[in-house]
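Peer 1:
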Amino acid sequence: MSNDSNKGYQFNIANGTVTAVYEIKNGRSKLKGMDSDETWSVDGGNIIKTEMEHGRIETTVYSDMNGDGIFTKMSKSYDASTGSNLTSQPSNIFAPVHSSQDGYKFDVSNGSVTAVYEIERGIQRLDRIDFNETWTAEGSQIIKTEVEHGVTEISIYSDDNGDGIFAKVSKSYASTDGTLWNGTSESDNNDRWQGNSNDDHYYAGNGNDRLTGGQGNDDLYGADGDDRLSGDAGSDDLYGGIGDDILTGGAGSDDLYGGAGNDVFKFVNVDESGLTSTTCDHVFDFAVGDKVDLSSIDAKTGNWTNDAFVHIGSASNLTAANANGAVWFENGILYASNDRDTDAEFQIQLTGVTELLSTDLIL
77 MSNDSNKGYQ
87 FNIANGTVTA
97 VYEIKNGRSK
107 LKGMDSDETW
117 SVDGGNIIKT
127 EMEHGRIETT
137 VYSDMNGDGI
147 FTKMSKSYDA
157 STGSNLTSQP
167 SNIFAPVHSS
177 QDGYKFDVSN
187 GSVTAVYEIE
197 RGIQRLDRID
207 FNETWTAEGS
217 QIIKTEVEHG
227 VTEISIYSDD
237 NGDGIFAKVS
247 KSYASTDGTL
257 WNGTSESDNN
267 DRWQGNSNDD
277 HYYAGNGNDR
287 LTGGQGNDDL
297 YGADGDDRLS
307 GDAGSDDLYG
317 GIGDDILTGG
327 AGSDDLYGGA
337 GNDVFKFVNV
347 DESGLTSTTC
357 DHVFDFAVGD
367 KVDLSSIDAK
377 TGNWTNDAFV
387 HIGSASNLTA
397 ANANGAVWFE
407 NGILYASNDR
417 DTDAEFQIQL
427 TGVTELLSTD
437 LIL
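Residue numbering for the sequence shown follows my numbering, beginning at 77 and increasing consecutively.
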């Protein structure tokens, strides 16, 4: 991923309030999430983002220097004081805790958790409560429920010795339709999971894991680590999670989500993705640093060599009668041909992508 100086930003503004933020790179505009602890405002010709994290205020200024509607990040500053800007925060937001024990503390009001603190090496810091998390107090335990990519994650925290410092004692998973998931994110092992003919649901967790769905319509979630996910047959949903992941949908119409990191969407056969919106594979979060890998496919049939594809840009650059070995991009869809006509043999839909460069491909 390139640094901030190579990025641009656009904003939707209504009544002096920023309502949406977009990041622009290589001609592609990608909607960015606005976290609950961020405040975006308009100050003259500048956009100001203020964010509270780990006990300090981070202020970022964006400016449109040439008036083309694309803003550049101009400056970033921090305020770690406990002055007027922090008076609404708890006094223990960033404070020493006289204990060598790592763990968690909570503010609880009427059975609801109102603040979460993480303790590490004697320092207590306020943790953010994300919009997709629900924290509750049940008896002597704290329960966190988080839903992401169709997975419900349930974590239980307990204060076994009554010193006010909680430890995470368990974590379990289920899909939002109630189907149990296999795997655990508490393991740092490099796990391998192999599915069968059923509709499998695998959550790999930490480590550099390998998940294979087998037959059936499978859900594979790599979570943390540099994972390799393979759907095999069936209409599969693959989620890379955090890390530099490799996702291979296999046969069937698959939905692929790389997540954070520089991910590779790998295709090894022209039959893996069809020629209609209901039979092709869909990549939903292709971003700068990600790649579509077609290098395992022979780009030109009819000879004895394994040829590489050539990126020709758009369909307007096709030759009159022969597109053998060509890939091109039109209206959010990547097409490829490996025979001696101008028709594509397969297509891949890249949702939200308006431009695809040769550097985005492994040919």
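Note that beta-carbon positions come from the ideal geometry of N, C-alpha and C, so glycine has one too.
Source: prediction; values computed, not measured.
1) Quick one: what's got a C-beta closer than 7 angstroms to M141's C-beta in the same chain, skipping five residues either side?
2) Would you kindly work out how many angstroms separate the C-alpha atoms of V346 and I146, rounded to a whole number?
3) Between N208 and E194, is the Cβ-Cβ spacing less than 7 angstroms?
4) Report, in whole angstroms, the separation of the C-beta atoms of G319 and D303, which I expect to be a contact under 8 angstroms.
5) Helix, strand or coil: which one does DSSP assign to S371?
6) Using three-state DSSP, classify A391 as helix, strand or coil.
7) Could you name the residues of the same chain whose beta carbon sits closer than 6 angstroms to that of A375, not counting the 5 residues immediately before and after it, in chain order?
8) Which word fits L287, buried or exposed, when buried means at least 16 other C-beta atoms lie within 10 angstroms of its C-beta?
9) Just to confirm, is the Cβ distance from G289 to D312 under 7 angstroms?
10) Exposed or buried, T380, counting other C-beta atoms within 10 Å across all chains shown (16 or more means buried)?
11) Starting from the C-beta of N284, find all residues in its chain whose C-beta is less than 7 angstroms away, skip the five residues before and the five after it, and write them out in chain order.
12) Where does the unbroken beta strand (DSSP E) through K106 begin, and where does it stop?
13) Tell me which residues share the same chain as I89 and place their Cβ nearer than 8 angstroms to its Cβ, disregarding the 5 neighbours each side in the sequence.
14) Using three-state DSSP, classify E348 as helix, strand or coil.
15) Hey, could you find the ends of the beta strand (DSSP E) K83 is sitting in?
16) The beta strand (DSSP E) with S185 in it runs from where to where?
17) Hey, T377 and A399 are a contact pair by Cβ (cut 8 angstroms); roughly how many whole angstroms apart?
18) Where do the N-terminal and C-terminal ends of the beta strand (DSSP E) with L332 fall, by residue?
19) From the DSSP output, in three-state form, read off D383 for me.
20) Whole-angstrom Cβ separation of L437 and H358, contact assumed at under 8 angstroms?
21) Quick check: the Cα distance between S371 and E421, rounded to an integer number of angstroms?
22) Do G328 and G350 come within 7 angstroms of each other at the CB atom, strictly closer than that value?
23) Quick check on DSSP: helix, strand or coil for D436?
24) Express the C-alpha separation of D111 and G240 in angstroms, rounding to a whole number.
25) Helix, strand or coil: how does DSSP classify A150 here?
26) For a quick check, are the C-beta atoms of K106 and A363 less than 7 angstroms apart?
27) Nearest to D144 by alpha carbon, out of S151, G121, G198?
28) Any chance you could list the beta strand (DSSP E) runs of at least 3 consecutive residues sitting entirely within the region 196-229, in chain order?
29) In whole angstroms, give me the CA-to-CA distance for S185 and G298.
30) How big is the Cα-Cα spacing for G325 and L332?
31) Nearest by alpha-carbon distance to A213: which of R204, E196, R197, Y233 is it?
32) Helix, strand or coil for I241, going by three-state DSSP, please let me know.
33) In terms of alpha-carbon separation, which member of E229, Q200, D295, R197 lies closest to W211?
34) Assign S353 to one of two classes, buried (16 or more other C-beta atoms within 10 Å of its C-beta) or exposed (fewer than that).
Peer 2: Working from what's here:
1) T148
2) 39 angstroms
3) no
4) With a Cβ gap of about 6 angstroms, G319 and D303 count as contacting.
5) coil
6) helix
7) D383, A384, F385, G401, N414
8) buried
9) yes
10) Reading off the sequence shown, one finds Trp at residue 380, where the question assumed Thr. With fewer than 16 Cβ atoms within 10 Å of its Cβ, W380 is classed as exposed.
11) N266, G301, D302, D303
12) 104-108
13) Counting only Cβ-Cβ distances below 8 angstroms, and skipping sequence neighbours, we find T95, V118.
14) helix
15) Looking at the DSSP string, K83 is not in any beta strand (DSSP E), and its letter there is neither H nor E.
16) Here the beta strand (DSSP E) through S185 covers 179-185.
17) Contact doesn't hold; Cβ gap of about 12 angstroms is too wide.
18) 331-333
19) coil
20) Not a contact, Cβ separation roughly 17 angstroms.
21) 15 angstroms
22) Contact flag unset, no.
23) helix
24) Taking the straight line from one Cα to the other gives about 29 angstroms.
25) Before going on, a small fix: residue 150 reads as Met here, not Ala. Per DSSP, reduced to three states, the secondary structure at M150 is strand.
26) yes
27) G121
28) 199-203, 209-214, 217-224
29) So the alpha carbons of these two residues sit roughly 35 angstroms apart.
30) 7 angstroms
31) Y233
32) For I241, the three-state secondary structure derived from DSSP is coil.
33) E229
34) exposed
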